[in-house]
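Step one of this worksheet: look at the structure below.
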Amino acid sequence: MMFGIMNIKKSHASFVDEVIKIQSESRDLNWQESIEHILQFLIRWLVFHIIGDDKKMSVAVKALESSDSLEMAKVNAVDTLQGINGLVADTVLKMYFEVSTQSIELVREKHRRFVAEKELRCLNKKLQELAITDELSGLYNRRYFNIMTPDILSKAQAGNQTVSFVSIDLDYFKQLNDELGHLKGDEAITKVGALLSSQFNGVDEIAFRMGGEEFLIVLVGSEHHRCVRRAEKFRESIATLSIQCDRHEQRHFLTSSIGVYSQQSEANVDIRYFLDKVDKCLYKAKLTGRNKVVAECL
Numbered sequence: 004m005m006f007g008i009m010n011i012k013k014s015h016a017s018f019v020d021e022v023i024k025i026q027s028e029s030r031d032l033n034w035q036e037s038i039e040h041i042l043q044f045l046i047r048w049l050v051f052h053i054i055g056d057d058k059k060m061s062v063a064v065k066a067l068e069s070s071d072s073l074e075m076a077k078v079n080a081v082d083t084l085q086g087i088n089g090l091v092a093d094t095v096l097k098m099y100f101e102v103s104t105q106s107i108e109l110v111r112e113k114h115r116r117f118v119a120e121k122e123l124r125c126l127n128k129k130l131q132e133l134a135i136t137d138e139l140s141g142l143y144n145r146r147y148f149n150i151m152t153p154d155i156l157s158k159a160q161a162g163n164q165t166v167s168f169v170s171i172d173l174d175y176f177k178q179l180n181d182e183l184g185h186l187k188g189d190e191a192i193t194k195v196g197a198l199l200s201s202q203f204n205g206v207d208e209i210a211f212r213m214g215g216e217e218f219l220i221v222l223v224g225s226e227h228h229r230c231v232r233r234a235e236k237f238r239e240s241i242a243t244l245s246i247q248c249d250r251h252e253q254r255h256f257l258t259s260s261i262g263v264y265s266q267q268s269e270a271n272v273d274i275r276y277f278l279d280k281v282d283k284c285l286y287k288a289k290l291t292g293r294n295k296v297v298a299e300c301l
């Protein structure tokens, strides 16, 4: 058996090569498996280095100090190592497997928690979106309107901005449901929702489905005449939409009545005030023939 500085240097030098080798072999593995490989190598290397070359050197030096010759020191060192190696090796190996297993399990547990937390965040985000989104139209629902609009009005007031409500009601929607069925009614809602999303998607404009065939758009900082012009364009776009009747070779073309109300946001003006004003415009559009836009500005 050889005892010497060269063996220890060689062992230390091989450490870096082994790490580089593990790094190269781990390129196709995920980060968890890579860490497990590195942990296993580090623990194994430290354990066998301590009870290997370092221990051999230590025993040899002590044997040399108490012996008359180098040869006798080697013999004494071998005898000593043979007596303790079995016990130490068994003990350390058990410790190694326990520590490495626990370390790897900790890494796996951390990874499982990371994945679980990520999935939980995604699930919470989806639940939040479902809670504020109308399924058929893909627009925000009335619940989100009630949550967001007070803050919108408050910010508009602070910025001295005009707020416009555009209320849209599909004409003869009940008749469409009764004659063609509710699935066709759902189809109409979906088409109108997609059209709203494509035409009103600016930073300071939000579209909602308020319920049934009623939709609402809240715009901030837009001039009244521009809102009216866009409402008229949207009315014309809706008039191009149609629903195919399965029983007959006919199509039901959609029309809409639209009310527009604009006013600078003030401290004493709330959601109910704007809704009341825009509803009056909408009802006037319905009472005077439907398929038209009625607007008012204060």
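Going by this note's numbering, the first residue of the sequence shown is number 4, and it counts up by one from there.
Every residue, glycine too, gets a C-beta built ideally from N, C-alpha and C.
CA-to-CA, the gap between L139 and I41 works out to about 52 Å. Judged by pairs of C-beta atoms under 8 Å, the stretch 250 to 269 touches the stretch 163 to 171, as three or more such pairs exist. Annotation: R250 is outside any beta strand (DSSP E) and is labelled neither H nor E by DSSP. Taking one beta carbon from each stretch, the stretch 171 to 191 and the stretch 107 to 125 have fewer than 3 pairs nearer than 8 Å; the two do not touch.
Put simply, the backbone Cα of S27 is about 27 Å away from that of E101.
The C-beta distance from G224 to Q160 rounds to 12 Å, too long to fall under 8 Å, and the pair is not in contact.
A check of alpha carbon separations from E217 across H228, S201, K289 identifies K289 as the nearest. Nearest Cα to H228 within the set R115, G205, V297, K280: V297. Nearest in C-alpha terms to G205, of all of S260, V221, G196, is V221. Annotation for K295: A288 place their beta carbon closer than 6 Å to its own, counting only its chain and skipping 5 residues before and after. C230 counts as buried, since at least 16 other C-beta atoms from the protein chains shown sit within 10 angstroms of its C-beta. When DSSP assignments are scanned along the stretch 107 to 191, the uninterrupted stretches of beta strand (DSSP E) that are 3 or more residues long and fall wholly within it turn out to be 165 to 173.
Under the DSSP assignment, A288 falls in the alpha helix (DSSP H) whose first and last residues are 274 to 290. Residue Q178 holds the alpha-carbon nearest to the alpha-carbon of H255 among Q178, L123, R293, L45. With contacts defined as CB atoms closer than 8 Å, I241 and L257 qualify as a contacting pair. For G224, the secondary structure class from DSSP, reduced to helix, strand or coil, is coil. In terms of Cα proximity to P153, the closest of R111, N271, S259 is N271. In the DSSP secondary-structure assignment, F203 is not bridged to any residue.
Contact between S259 and D174 holds: CB atoms are separated by about 6 Å, below the 8 Å threshold. In the structure shown, R212 adopts extended strand secondary structure according to DSSP, grouped into three states. A residue is called buried once 16 or more other Cβ atoms fall within 10 Å of its Cβ, and V195 is buried on that count.
In this structure N149 is not in contact with I135, their Cβ atoms being roughly 10 Å apart against a cut-off of 8 Å. G292 places its beta carbon 8 Å or farther from that of S200.
By the neighbour-count criterion, in which a residue is buried when 16 or more other Cβ atoms sit within 10 angstroms of its Cβ, C125 is exposed. Between the C-alpha atoms of I155 and R232 there is a straight-line separation of about 22 Å.
Straight across, the Cα-Cα distance linking D282 with A197 is about 23 Å.
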